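Numbering (the working numbering), first residue to last: 8 to 215.
Here is the structure we will look at, set down as structure tokens.
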């Protein structure tokens, strides 16, 4: 069997280890892998997943936009420090090159945030061995797309913005604006533009 090719990429983010872990493990794959990089396609959909992704032994089928598929099995979960998975039964354009992939995510405290490392061990087929360095370089670009797409997954949800409903309070005011005609006037060599004078038509309701 050919020697696996290891590729990895790390990023530090300003959130806790727990938030980084739980913002990564159950995330929707089509949401964060939505951009192609070279020959590595975006993920179109996930089939066969039952429940939230996070239990050892869970299986699902990952479908890419070029028609390829991969069977993913969650192999290990050590919350909130790491989890690992395996991609196998690969079909589509990658089938002649790669037999299987062992993936792993690690979360390590770094300052007031977390250092996240994503790692792949690619097990090439015979034909794909000489092309693995190229595939590894493409993966680094693909991983870069993933970081930019998943930035909001690690951020806490924004608090809801209070929206004032018209007419709900005694001081509610409705105002409309009607602009007067606005035509430039030439006077000698100067261009004089009249100032807009909006007319306000308002209605104020008061219970007082």
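Just so you know, even glycine gets a beta-carbon here, dropped at the ideal spot from N, CA and C.
Because the structure is a prediction, the values reported are computed rather than measured.
Buried versus exposed call for residue i [16 or more other C-beta atoms within 10 Å across all chains shown]
i: residue 62; result: exposed
i: residue 27; result: buried
i: residue 45; result: exposed
i: residue 180; result: For residue 180, the predicted structure reports a pLDDT of 41, less than 50, and the residue's modelled location is therefore unreliable. A value from the coordinates is still provided. Its Cβ having fewer than 16 others within 10 Å, residue 180 is exposed.
i: residue 137; result: exposed
i: residue 30; result: buried
i: residue 71; result: buried
Residue i in three-state terms, based on DSSP
i: residue 153; result: helix
i: residue 120; result: strand
i: residue 96; result: coil
i: residue 15; result: strand
i: residue 86; result: coil
i: residue 104; result: coil
i: residue 41; result: coil
i: residue 27; result: helix
i: residue 32; result: coil
Beta-carbon contacts of residue i that lie in its chain and below 6 Å, excluding the five residues immediately before and after
i: residue 60; result: 33
i: residue 110; result: 92, 127
i: residue 94; result: 77, 79, 108
i: residue 176; result: Reliability fails at residue 176, whose pLDDT of 44 lies under 50, so the model's placement of it is uncertain and the value that follows must be treated cautiously. So no residue of the chain qualifies.
Other residues of its chain near residue i: CB distance less than 7 Å, five sequence neighbours each side excluded
i: residue 55; result: 66, 67, 68
Beta-carbon contacts of residue i that lie in its chain and below 8 Å, excluding the five residues immediately before and after
i: residue 118; result: 19
Which complete beta strand (DSSP E) runs does the segment 44-82 hold, if anything under 3 residues is left out?
50-54, 66-71
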